[in-house]
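Once you know that position 58 of the sequence shown is 221 in the working numbering, the rest is easy, because the numbers rise by one and skip nothing. The next block holds one structure in the form of structure tokens; read it before the comments.
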Amino acid sequence: MKISIAAGLAAMTLSSMTSAATLAEGIKADMPQLMALYRDLHANPELSMQEVRTPAKLAAEVRKLGFQVTEHVGKTGVVAVMKNGPGPVLLIRADMDALPVKEETGLPFASKVMGKLPDGTATPVMHACGHDTHVATWLGTARRLAAMKDQWSGTVVMVLQPGEELVMGAQAMLDDGLFTRFPKPDYLIAFHDAATLPAGVIGVTPGYVLANVDTVNVVVKGVGGHGAYPQNTKDPIVLASRIVTSLQTLVSRENTPFNPAVVTVGSFHAGTKSNIIPDQAKLALTVRSYAPETRKLLLDGIRRIVRGEAIAAGMPDDRMPTVEIEQPSADATYNTPELSARLTKLFGAHFGADRVVEGQPVMAAEDFSRYWLADKTKQSTIFWVGGVPKAKWDAANGDTTKLPALHSPLWAPEAETVISTATEAMTVAAFDILKKG
Ligand SMILES: [Zn+2]
Ligand SMILES: [Zn+2]
164 MKISIAAGLA AMTLSSMTSA ATLAEGIKAD MPQLMALYRD LHANPELSMQ
214 EVRTPAKLAA EVRKLGFQVT EHVGKTGVVA VMKNGPGPVL LIRADMDALP
264 VKEETGLPFA SKVMGKLPDG TATPVMHACG HDTHVATWLG TARRLAAMKD
314 QWSGTVVMVL QPGEELVMGA QAMLDDGLFT RFPKPDYLIA FHDAATLPAG
364 VIGVTPGYVL ANVDTVNVVV KGVGGHGAYP QNTKDPIVLA SRIVTSLQTL
414 VSRENTPFNP AVVTVGSFHA GTKSNIIPDQ AKLALTVRSY APETRKLLLD
464 GIRRIVRGEA IAAGMPDDRM PTVEIEQPSA DATYNTPELS ARLTKLFGAH
514 FGADRVVEGQ PVMAAEDFSR YWLADKTKQS TIFWVGGVPK AKWDAANGDT
564 TKLPALHSPL WAPEAETVIS TATEAMTVAA FDILKKG
């Protein structure tokens, strides 16, 4: 009995070792093609919701692999489905948009592309968030899943999403029937390249990983007049200044220190000349949180403070300030504990514990959140794959404030390591989630 269990275990270990070796070899063989694709995407970036070339190219590639491919989902998104026997449905998502940033990396394949913002303004365009590594990984993963169909059972829904940087694309795809026209997922996974981890290191953050982000515009009205006769005016600059100061108490006095929250007034505009009291001042705020209760506390508090300060200043009812929350706003991204723990363990066993760390939550935004929020019974995780070249990491002594961040014109991830690591991680995650019965 003992002998047969031992023999069985040995056989299992041997077979999983063989498949790990086959997987690594397969990815290695694919890398020249994936790197050529990456350099091509990097040199030809496309702005949010204007992705045309990227999805067309990728749709053609996955169609050749035997996926059922639907284009123009949520304007420019691609959905590629592969059904491979009984089992759960796994959604694998990559975002594909670039940013209005002028590239300064000096890479031989740096972008020289000019694009147009929604208001028609011309702008340089760059893959400054590394979504080009996400797209290359998406294809790398599709290639492995198609080539190693004997290793898994279930359905894979590969989603190439537009418009992440405007937090619009995920919702656009959902509104266009992502969960009704295609197999509805039980599991959701994605990754993002990280400017705060050394190349090839994977970070998994359990629970909240990215924040609710609201942009709040406040117009503080006043009664303008001559600077020499303040008694005849209601000065909006003094009132707006009081509002800015009072807003600081939301995080420091009303919020529990155990719930992360940010209220930043990033813009304050008023007036034209020293001796004129203007009739309005404009404030723009970024408001960030994780928990929905915290978000409500901050947004309700802003409305209350803005109105309360205006009343205290004696502003007449018809000159009350206005508070507008810009749409779309971003909802916090939540990694469900069970799946994030499962992936941490799996990646540790596959890559070695030294290549897997617990990632830190950040106050940036991601619209990957929308897929889980559309159905919270599902399990969801977005993980990080480090992209900082080792020499640069060592030179900065791991101090990430000395390194270019995501969205920086200097951000140049070590793409080969990011793409090969992420492809391997995505594929082993798929094999594990879609384990044969
Ligand atoms: Zn970004
Ligand atoms: Zn991004």
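Yeah, the Cβ is synthetic: ideal placement off N, Cα and C, and Gly gets one too. Everything numeric in this text was worked out from a predicted model, so none of it was measured.
Put glycine 317 into one of helix, strand or coil per three-state DSSP.
As a working note, residue 317 is residue 154 in the sequence shown. Strand.
Using DSSP with H/G/I as helix, E/B as strand and the rest coil, what is histidine 570?
Counting from one through the sequence shown, the residue named residue 570 turns up at place 407. In the structure shown, histidine 570 sits in coil (DSSP, three-state: anything other than H, G, I, E or B).
Kindly indicate which three-state DSSP category leucine 172 falls into: helix, strand or coil?
Taking the first residue of the sequence shown as position 1, residue 172 is located at position 9. No answer about leucine 172 holds up, because its pLDDT of 49 lies below 50 and its placement is not dependable.
Local Cβ density within 10 Å of lysine 459, reported as buried at 16 or more and exposed below that:
In the sequence shown, counting from the first residue as 1, residue 459 sits at position 296. Flag for lysine 459 reads exposed.
Here's the rule: buried if 16 or more other CB atoms are within 10 angstroms of the residue's CB, otherwise exposed. What is glutamine 542?
Taking the first residue of the sequence shown as 1, we reach residue 542 at position 379. Per the 10 Å Cβ criterion, buried.
Under 9 Å between the Cβ atoms of glutamate 366 and tryptophan 547?
Walking along the sequence shown from the start, residue 366 turns up at place 203. Walking along the sequence shown from the start, residue 547 turns up at place 384. What sits at residue 366 in the sequence shown is glycine, not glutamate. For glycine 366 and tryptophan 547, yes; Cβs fall inside 9 Å.
Among Val264, Asp260, Val486, which residue has its Cα nearest to the Cα of aspartate 377?
Position 214 of the sequence shown, counted from the start, is the residue given in the question as residue 377. Taking only the C-alpha atoms, the option nearest aspartate 377 is Val486.
I need the straight-line Cα distance from leucine 323 to proline 500, nearest angstrom please.
Within the sequence shown, residue 323 is the residue found at index 160, counting from 1. Within the sequence shown, residue 500 is the residue found at index 337, counting from 1. Approximately 25 Å between the Cα atoms of the pair.
Give me the Cα-Cα distance between alanine 358 and glutamine 523, rounded to the nearest whole angstrom.
Start at 1 with the first residue of the sequence shown, and residue 358 comes out as number 195. Start at 1 with the first residue of the sequence shown, and residue 523 comes out as number 360. So the two alpha carbons sit approximately 12 Å from each other.
Which class does aspartate 442 belong to by DSSP, given the choice of helix, strand or coil?
For the purposes of this step, residue 442 is taken as residue 279 along the sequence shown, with counting starting at 1. Correct three-state label for aspartate 442: coil.
Where alanine 374 sits in the DSSP three-state scheme
Indexing the sequence shown from 1 puts residue 374 at position 211. If DSSP states are grouped into helix, strand and coil, alanine 374 belongs with coil.
For leucine 569, is the beta carbon positioned less than 8 Å from some heavy atom of ligand 2?
Here residue 569 refers to the residue found at position 406 of the sequence shown. Yes, Cβ of leucine 569 sits closer than 8 Å to a heavy atom of ligand 2.
Verify the contact flag: aspartate 258, CB atom, against every heavy atom of ligand 2, threshold strictly below 8 Å.
By 1-based counting over the sequence shown, the position of residue 258 is 95. Checking the Cβ of aspartate 258 against ligand 2 gives yes.
Can you tell me whether arginine 306 is buried or exposed, with buried defined as 16 or more other CB within 10 angstroms of its CB?
For the purposes of this step, residue 306 is taken as the residue at position 143 of the sequence shown. So arginine 306 counts as buried.
Scan the region 202-247 and note each continuous beta strand (DSSP E) run of 3 residues or more that stays entirely inside, going in chain order.
231-236, 240-247
Residue range of the unbroken alpha helix (DSSP H) whose run includes histidine 355:
In the sequence shown, residue 355 corresponds to position 192, counting from 1. Note, histidine 355: premise wrong, no alpha helix (DSSP H); beta strand (DSSP E) at 350-361.
Option in Gln334, Asp530, Met311, Ala504 with minimal Cα separation from methionine 245:
Mapped onto the sequence shown, residue 245 falls at position 82. Out of Gln334, Asp530, Met311, Ala504, Met311 has the C-alpha closest to the C-alpha of methionine 245.
Leucine 597 to valine 379 span [Cα, whole Å]:
For the purposes of this step, residue 597 is taken as the residue at position 434 of the sequence shown. For the purposes of this step, residue 379 is taken as the residue at position 216 of the sequence shown. Cα to Cα, the separation comes out at about 43 Å.
List in chain order: all unbroken beta strand (DSSP E) runs of 3+ residues lying wholly within the region 378-455.
424-433, 443-452
Under DSSP, the beta strand (DSSP E) around phenylalanine 546 begins and ends at which residues?
Against the sequence shown, residue 546 aligns to sequence position 383. Segment 542-551, the beta strand (DSSP E) holding phenylalanine 546.
Roughly how many angstroms separate the alpha carbons of valine 519 and phenylalanine 230, rounded to a whole number?
Taking the sequence shown and counting its residues from 1, one reaches residue 519 at position 356. Taking the sequence shown and counting its residues from 1, one reaches residue 230 at position 67. Going by the C-alpha atoms only, they are around 31 Å apart.
Quick check on DSSP: helix, strand or coil for valine 591?
One-based indexing of the sequence shown puts residue 591 at position 428. Reduced to three states, the DSSP call for valine 591 is helix.
Sort out for me which residues DSSP pairs proline 287 with in a bridge.
Taking the first residue of the sequence shown as position 1, residue 287 is located at position 124. Paired residues: Met277.
Hey, out of Ala585, Ile545, Glu489, whose CA is closest to alanine 504's CA?
Position 341 of the sequence shown, counted from the start, is the residue given in the question as residue 504. Comparing Cα-Cα distances from alanine 504 to each of Ala585, Ile545, Glu489, the minimum goes to Ile545.
Note down the Cα distance separating alanine 291 from serine 437, rounded to an integer number of angstroms.
Along the sequence shown, read from residue 1 onward, the residue named residue 291 stands at position 128. Along the sequence shown, read from residue 1 onward, the residue named residue 437 stands at position 274. Going from the Cα of alanine 291 to the Cα of serine 437 covers about 41 Å.
Can you confirm whether the region 334-345 touches the region 472-482 when touching is taken to mean that 3 or more C-beta pairs between the two stretches lie within less than 8 Å?
no
For aspartate 258, report the span of its beta strand (DSSP E) as first-last.
Translated into positions along the sequence shown, residue 258 becomes position 95. Taken as a continuous stretch (DSSP letters only), the beta strand (DSSP E) holding aspartate 258 covers 252-258.
Does ligand 1 have even one heavy atom less than 8 Å from the beta-carbon of leucine 373?
For the purposes of this step, residue 373 is taken as residue 210 along the sequence shown, with counting starting at 1. For ligand 1, not one heavy atom lies less than 8 Å from the Cβ of leucine 373.
How about histidine 235: is its Cβ closer than 8 Å to a heavy atom in ligand 2?
By one-based count along the sequence shown, residue 235 stands at place 72. No, the beta carbon of histidine 235 sits no closer than 8 Å to any heavy atom of ligand 2.
Please indicate yes or no: does the CB of leucine 341 lie closer than 8 Å to some heavy atom of ligand 1?
By one-based count along the sequence shown, residue 341 stands at place 178. Because no heavy atom of ligand 1 lies under 8 Å away, the Cβ of leucine 341 does not count as near it: no.
Backbone secondary structure at serine 583 - three-state DSSP:
Mapped onto the sequence shown, residue 583 falls at position 420. The answer is helix: DSSP assigns serine 583 an H, G or I state.
Residue burial classification, glycine 549 (beta-carbon count within 10 angstroms, cutoff 16):
Along the sequence shown, one-based indexing puts residue 549 at 386. Buried, by the Cβ-count rule.
Return the chain-ordered list of same chain residues with a C-beta closer than 7 Å to the C-beta of phenylalanine 531, the five sequence neighbours on each side being excluded.
Residue numbering aside, residue 531 sits at position 368 when the sequence shown is read from its first letter. Result list for phenylalanine 531: Arg256, Ala333, Ala353, Thr496, Ile545, in chain order.
Using DSSP with H/G/I as helix, E/B as strand and the rest coil, what is glutamate 501?
Residue mapping note: residue 501 aligns to position 338 of the sequence shown, counting from 1. Correct three-state label for glutamate 501: helix.
From the DSSP secondary-structure annotation, give me the bridge partner or partners of isoleucine 365.
Residue 365 sits at position 202 when you count from the first residue of the sequence shown. Paired residues: Val519, Val548.
Counting pairs of beta carbons, one from the region 553-560 and one from the region 247-265, are three or more of them closer than 8 Å?
no
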